[in-house]
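Student: Here's a structure for you.
6 protein chains.
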Amino acid sequence: MRPSNRTPAQTRPITITRSFTAHAEGSVLVEFGDTKVLCTASFTEGVPRFLKGQGQGWVTAEYGMLPRSTHSRMDREAARGKQSGRTQEIQRLIGRALRAAVDMKLLGENTIVIDCDVIQADGGTRTAAITGACVALVDALNWARGKGIIKANPLKFLIAAVSVGIYKGEAISDLEYIEDSAAETDMNVVMTETGKIIEIQGTAEGEPFSHEELLELLVLAKNSIREIVDVQKAALS
Amino acid sequence: MRPSNRTPAQTRPITITRSFTAHAEGSVLVEFGDTKVLCTASFTEGVPRFLKGQGQGWVTAEYGMLPRSTHSRMDREAARGKQSGRTQEIQRLIGRALRAAVDMKLLGENTIVIDCDVIQADGGTRTAAITGACVALVDALNWARGKGIIKANPLKFLIAAVSVGIYKGEAISDLEYIEDSAAETDMNVVMTETGKIIEIQGTAEGEPFSHEELLELLVLAKNSIREIVDVQKAALS
Amino acid sequence: MRPSNRTPAQTRPITITRSFTAHAEGSVLVEFGDTKVLCTASFTEGVPRFLKGQGQGWVTAEYGMLPRSTHSRMDREAARGKQSGRTQEIQRLIGRALRAAVDMKLLGENTIVIDCDVIQADGGTRTAAITGACVALVDALNWARGKGIIKANPLKFLIAAVSVGIYKGEAISDLEYIEDSAAETDMNVVMTETGKIIEIQGTAEGEPFSHEELLELLVLAKNSIREIVDVQKAALS
Amino acid sequence: MRPSNRTPAQTRPITITRSFTAHAEGSVLVEFGDTKVLCTASFTEGVPRFLKGQGQGWVTAEYGMLPRSTHSRMDREAARGKQSGRTQEIQRLIGRALRAAVDMKLLGENTIVIDCDVIQADGGTRTAAITGACVALVDALNWARGKGIIKANPLKFLIAAVSVGIYKGEAISDLEYIEDSAAETDMNVVMTETGKIIEIQGTAEGEPFSHEELLELLVLAKNSIREIVDVQKAALS
Amino acid sequence: MRPSNRTPAQTRPITITRSFTAHAEGSVLVEFGDTKVLCTASFTEGVPRFLKGQGQGWVTAEYGMLPRSTHSRMDREAARGKQSGRTQEIQRLIGRALRAAVDMKLLGENTIVIDCDVIQADGGTRTAAITGACVALVDALNWARGKGIIKANPLKFLIAAVSVGIYKGEAISDLEYIEDSAAETDMNVVMTETGKIIEIQGTAEGEPFSHEELLELLVLAKNSIREIVDVQKAALS
Amino acid sequence: MRPSNRTPAQTRPITITRSFTAHAEGSVLVEFGDTKVLCTASFTEGVPRFLKGQGQGWVTAEYGMLPRSTHSRMDREAARGKQSGRTQEIQRLIGRALRAAVDMKLLGENTIVIDCDVIQADGGTRTAAITGACVALVDALNWARGKGIIKANPLKFLIAAVSVGIYKGEAISDLEYIEDSAAETDMNVVMTETGKIIEIQGTAEGEPFSHEELLELLVLAKNSIREIVDVQKAALS
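Residue numbers (the numbering used here), protein chains in the order written: chain A, 923 to 1159; chain B, 923 to 1159; chain C, 923 to 1159; chain D, 923 to 1159; chain E, 923 to 1159; chain F, 923 to 1159.
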């Protein structure tokens, strides 16, 4: 029934490659099937002006798509001179989610910028990005601990994300592009490694959905995220 | 317990004033307590280029805050030369929600732009905006039917929105600013007049939240939205 | 003869509502007939860099129109990414006029920003804005004196403004939109409460005008401004 | 008494050099003493979209200062990415003034763009620009008549401009920079060759001014403009 | 003597991976040692407006660096709102070089956009980009021929590029970052597969260089490019 | 054979006028035939932030074309809100070339900005700009030495530039516009007064060129630059 013959609850093959590029303190290529996102974590000492002198750190994220990561070429945002509303919405989501996973006091007056650049898109880029970014964040934190810049581990828990939705009347997990573009309802869920909710964003693309459907989607998301966290842990071990 | 002595489930006084300004096809001042948003609906014939010739209409929204609608003055976005990520995120939410309420085929090749401008902010501006924008939309649709530009009523149902959250460990509805800035969890919910979900966006500002808390918030939102729809209906009658 | 049946020298009903919104140190809704402008004055300690250490203050203004304050919807300047030349011309005029009314030494190293946002436009928005902004300025100065931030009153005199013009061959005062768009000559005058000139900007939209016509317009402006100042004084008392 | 030993009514030496550059249909270097502005008129067939099919033409102007036309270097507007409010205010003034001199019906569906670029600044750049632009406009109109693109002469009258002001308590004409920066009142006047008013913009930089002072300044302006028109006519003959 | 122990004439290991991503008509990852650039060629029917109806095609290029492709993080150009001068200079160079390799008449009214995005930077990104872009271009042309969109092969010859320079007094080929940043002279050379020159850009970073040094660098470049073309041909066969 | 009847090696008449405008520390009008560029050098104490405290100076350049310096009017870059890629490429070239001529240690913590504004264009504007800018630079350096701001002369050597190219199969020097637009190969060369190379940028506009053609062009450039340096020296003496 699904174009890929997956069962409703089945995610795509998920792989996480650490140290994908050389310079960043954390550099992860995350793949959810044909969706491939490069997540780099850049650690710098110091914080933005609005946080100076408060003894706490900052984590933020930026998101971009390579112009031909998509089926037809998109305009390059740098050439157009501004980031789209979609881009801003996504990078705000990624940043919020990562900040929830970090104890800012333990991070001290240091900043981590996570860049999530989509190399190839096939649906679910924002949830793949959060999943990969969390691993890059861990690597950057470990780098800083190895350097003695921070003492205790600021990571409160791993976070991971998945998209779920209602497609042809059925709740499915980890939608690929052709499912996503035909879905009646689309929901992105970010959870901790213990299944608590960090962020939930559900949208009725077609018909409004009921509380029952919402609950069904949540269960699906929780199960998928448990599997995804296992992939994160395997990559980190 | 709440700064305003409201019960957890109690919304602020909500008023909807139609025909607040003279030129727009729909013009509504919506007030959720001290949050005041002017929502105007502008009806024009024709659609954006990407929809031409498809026999369907378009609904979109823009959002702004007057520089001193807030406690301390914010920079004017027109002077800075760009809209913030927050602004774009909100106006995309408003637009999506309103489009869910309209049958685009019945709208025909016509466009409605909803401008939501915050005159005074005290938390919940985006949910107030959606609530007021829906009434302005109805007025603009009725205007167009009165002019004979559209035949059947494209409105599928009324929509309304409320913010709910966990504040000092308790689930409360319709957060005002001091509650919102201290909330552990913040959730914006958009529903139809019959209580189906259009959009749900929940964020753990502090600690991650559980499924039980999510359910509790949803019930609170559903009840509040039922009341808010009654205010919409009273204003429209 | 005038669309509103006013006599040539007659202004529209002018009302000034103080404390229109809650947060600003001065907040005034000024109405010249159907033209409605919200003027807020924001008082902050400190001055822009170019004035630091000179023992004097700064007053500046920004102007905007809500997209549907006009007959047909205008593009939102924040979305277009820049303020129009008209907007900049008007806000420079408002700022210059207000600075003329303030003793910058007595203001001390403090800044007042006046935001003039047009809620509904029917001609004469810039002169209404100056008139309302002056009252908001007074409120902000009084607020600062009440707080003990400034000692002596920096206000040198009240200022007010009106548009005058030649319409169907006759000099008239306080043009509304349909008069304004058909006027042969359009002149905006800003004066002190004692009738001295702060700014005069006259433009031949159609035929060039003579010195005699200029003088006639000035007399008209002086008389109208005297009345408008009375409204300001009544609002402030 | 004046830094240049001029009498109050005396303008600086004014020269107008036509055909200063090779490519433009009209190209004029205008000098008011040490203020030097290059004014080029570019004639193109066709009109902007908002005028299409109405059988009339369009005249507009743009203004710029070379970065080191001034005493200390100004930022290049092209590098900063926007034109200042002052620039926009000035180019709007120049455009309005020139449009007043042209019969748009006789111009037909053709456009003239006047570029006024300040090579060297010593006060009065906008009035010098208007004066030179008018001559460049005449050359471009004659070029188009020579080509047979337009039949009748669309020029209604020559226009010229001068700045006048109150300096050390006395009304003076054609202020140079050090006078301008110390003037209590500054007024720019644009008139037709027969002394009718096209535009008047007077600002109290220091103290408000009286009607008597305004009249005195107007007389001064009228006399100076009469002389300046003579220079235009000599250059054109 | 070289940090990598290469001989002066020795290039880094060069690899070209085709079909690196799925959507583009040509997609190549090119590696010059640790410099890695993703080059995608997007083929679309139609040409930009300035070429319409002339029976010829268009080839253009855009260039970007991922923010953390470099040792320390660079600002994201999309977030800053503009491309740097360096970026524009490089993408203009890539576009010119590729256009020299294509017969625009045989391409017909079709457009190819080449996006060169630097995944990891270690010197020579622009020459690596040209080398990889040429292979992506060939793939896109073959794709279009396979589809029957174009008949004859528009490729005139392969092109490839290398950077050469004078480092510690000696002419060397294919500079890596630490050589590049210390080089006295830096020269980028683009040649055809038969060794004719498409573009040469040489800059004295330290001391001016002599004609003899220029010749020596050219010989070095020619030899390296011959080797690089062999890598291109092997990748394409 | 050349449109101007020049011999292949013959440059256009070249004139250099110093002190062309009044305010700049160096102000030069350079003319290569009908190409006229105003080059001003602005000397200011202090350096940009990235150089602070390093005991060395900075030289940079900006380039612009007046909108009607060209055959048909170009958009004003300040109005469009950004500099074109071509503009940025050229001003980067000018800046690099001038920095090669200055000993930054001897300049001390001072900055020189060179503005090159094209008054009239007929090919070769960037090489004319470099030639004129060098003379303006010398004047600014001498001004600073006269003021005692710098002690020793930071100028290492004069630099000058010329464009050469292959036109109708023959190597020619100092191309004017109609030659430039038809040239098969176009090369800009910047040299020191002793004939060493500062920058060489050669582009095959049509067919790729051979090493022999490159050498021929270089000889031509060297001879022309020797003559141009003589004009510089004559102007400076």
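Ideal Cβ placement from N, Cα and C applies to all residues, glycine included.
Residue 980 of chain E bridges to which residues according to DSSP?
Tutor: E/1033.
Student: Verify the CB distance criterion: does residue 973 of chain F have a CB-CB separation below 9 Å to chain E?
Tutor: Cβ-Cβ to chain E under 9 Å: no for residue 973 of chain F.
Student: Residue 1073 of chain A lies in the beta strand (DSSP E); which residues open and close that run?
Tutor: Note, residue 1073 of chain A: premise wrong, no beta strand (DSSP E); not H, not E.
Student: Within its chain, find whatever has a CB closer than 6 Å to the CB of residue 981 of chain B; leave out the 5 residues flanking it on each side and keep chain order.
Tutor: Excluding positions up to five away in sequence, the list reads 1020, 1021, 1024, 1034.
Student: Buried or exposed: where does residue 1004 of chain D fall if 16 or more other Cβ atoms within 10 Å of its Cβ makes it buried?
Tutor: By the 10 Å Cβ count, residue 1004 of chain D comes out buried.
Student: Which chain E residues sit within Cβ distance under 7 Å of residue 964 of chain A?
Tutor: Per Cβ cutoff of 7 Å: 990, 995.
Student: Please list the terminal residues of the continuous alpha helix (DSSP H) segment that includes residue 1013 of chain D.
Tutor: Note, residue 1013 of chain D: alpha helix (DSSP H), 1007-1022.
Student: For a contact defined as C-beta to C-beta under 9 Å, what are the partners of residue 1037 of chain E on chain A?
Tutor: Per Cβ cutoff of 9 Å: 988, 989, 990, 995, 998.
Student: Is the Cβ of residue 958 of chain E closer than 9 Å to any Cβ of chain A?
Tutor: At least one chain A Cβ lies under 9 Å of residue 958 of chain E.
Student: Who pairs with residue 1108 of chain E in a beta bridge, going by DSSP?
Tutor: According to DSSP, residue 1108 of chain E bridges with E/1087, E/1125.
Student: Spell out a yes or no on whether the stretch 1071-1087 of chain C and the stretch 1147-1157 of chain B are touching, meaning 3 or more CB-CB pairs, one atom from each, closer than 8 Å.
Tutor: At 8 Å Cβ cutoff, the stretches do not touch.
Student: Beta-carbon within less than 6 Å of residue 1040 of chain B's beta-carbon, same chain only, minus the 5 sequence neighbours each way: which residues are those?
Tutor: So the list reads 959, 987, 991, 1047, once near-sequence residues are dropped.
Student: Three-state secondary structure (DSSP) at residue 1026 of chain F?
Tutor: Residue 1026 of chain F falls in the helix class under three-state DSSP.
Student: Taking the CB atoms as reference points, tell me whether residue 1098 of chain A and residue 925 of chain A lie closer together than 9 Å.
Tutor: Taking 9 Å as the Cβ cut-off, residue 1098 of chain A and residue 925 of chain A qualify as a contacting pair.
Student: What number of angstroms, rounded off, separates the C-alpha of residue 1072 of chain A from the C-alpha of residue 995 of chain E?
Tutor: The straight-line gap from Cα to Cα measures roughly 20 Å.
Student: Got a sec? Which residues, its chain only, sit under 6 Å from residue 1054 of chain A by beta carbon, not counting five neighbours each side?
Tutor: Taken in chain order, the residues that qualify are 950, 952, 959, 961.
Student: Report yes or no: is there a C-beta of chain D within less than 9 Å of the C-beta of residue 1044 of chain F?
Tutor: Answer yes: the Cβ-Cβ gap between residue 1044 of chain F and chain D drops below 9 Å somewhere.
Student: Check each residue of the stretch 997-1026 of chain C: if its Cβ is closer than 7 Å to any Cβ of chain B, include it; give the result in chain order.
Tutor: Those residues of the stretch 997-1026 of chain C that come within reach of chain B (Cβ to Cβ, closer than 7 Å) are 998, 999, 1000, 1001, 1003, 1004, 1005.
Student: Locate the beta strand (DSSP E) running through residue 948 of chain D, then write down its first and last residues.
Tutor: Per DSSP, residue 948 of chain D belongs to the beta strand (DSSP E) from 948-954.
Student: Can you tell me whether residue 1054 of chain D is helix, strand or coil according to DSSP?
Tutor: Helix, per DSSP.
Student: Considering only their Cβ atoms, is the gap separating residue 1016 of chain C from residue 1051 of chain C smaller than 9 Å?
Tutor: Closer than 9 Å, so yes.
Student: Kindly indicate the opening and closing residues of the alpha helix (DSSP H) around residue 1153 of chain D.
Tutor: Element bounds for residue 1153 of chain D: 1133-1158.
Student: Are residue 1122 of chain E and residue 1140 of chain E close, meaning C-beta to C-beta below 9 Å?
Tutor: In this structure, residue 1140 of chain E lies closer than 9 Å to residue 1122 of chain E by Cβ.
Student: For residue 1117 of chain F, which option in E/1113, E/1130, E/948 has the closest C-alpha, if you only look at C-alpha atoms?
Tutor: Considering only alpha carbons, the answer is E/1130.
Student: Locate the beta strand (DSSP E) running through residue 1098 of chain E, then write down its first and last residues.
Tutor: No beta strand (DSSP E) holds residue 1098 of chain E; DSSP gives it neither H nor E.
Student: Closer than 7 Å between beta carbons: that is the criterion. Which residues of the stretch 1124-1148 of chain C meet it against chain D?
Tutor: Answer in chain order: 1124, 1125, 1126, 1130, 1131, 1132, 1133, 1136, 1140.
Student: Evaluate residue 972 of chain C with the Cβ neighbour count: other Cβ atoms within 10 Å of its Cβ, from every protein chain shown; 16 or more gives buried, anything less gives exposed.
Tutor: Label assigned to residue 972 of chain C: exposed.
Student: Considering only residues of the same chain and omitting the five flanking positions on each side of residue 943 of chain D, which have a CB-CB separation below 6 Å?
Tutor: 949.
Student: So, for residue 1094 of chain A: in the same chain, excluding its five sequence neighbours on each side, which residues have a beta-carbon less than 6 Å away from its beta-carbon?
Tutor: Answer for residue 1094 of chain A: 930, listed in chain order.
Student: Beta-carbon within less than 6 Å of residue 1100 of chain A's beta-carbon, same chain only, minus the 5 sequence neighbours each way: which residues are those?
Tutor: Answer for residue 1100 of chain A: 925, listed in chain order.
Student: Keeping to the same chain, check which residues put their C-beta closer than 8 Å to that of residue 933 of chain E; ignore five residues upstream and five downstream.
Tutor: Counting only Cβ-Cβ distances below 8 Å, and skipping sequence neighbours, we find 954, 1084, 1095, 1096, 1146, 1149, 1150.
Student: Sort D/1042, D/964, D/998, D/1029 by Cα distance to residue 957 of chain D and report the nearest one.
Tutor: Checking every option, the nearest Cα to that of residue 957 of chain D belongs to D/1042.
Student: Is the CB-CB distance between residue 871 of chain C and residue 947 of chain B below 9 Å?
Tutor: Beyond the ends of chain C as shown, which are 923 and 1159, falls residue 871 of chain C; an answer cannot be given.
Student: Could you list which residues in chain B have their beta carbon closer than 8 Å to that of residue 1114 of chain A, in chain order?
Tutor: Chain B residues near residue 1114 of chain A: 1130.
Student: Of all the options D/1077, D/1135, D/938, which has the alpha carbon lying nearest to the alpha carbon of residue 1158 of chain D?
Tutor: With distances taken between Cα atoms, residue 1158 of chain D lies closest to D/938.
Student: Is there a C-beta anywhere in chain C that falls below 9 Å from the one on residue 1066 of chain B?
Tutor: By this cut-off, residue 1066 of chain B is not an interface position.
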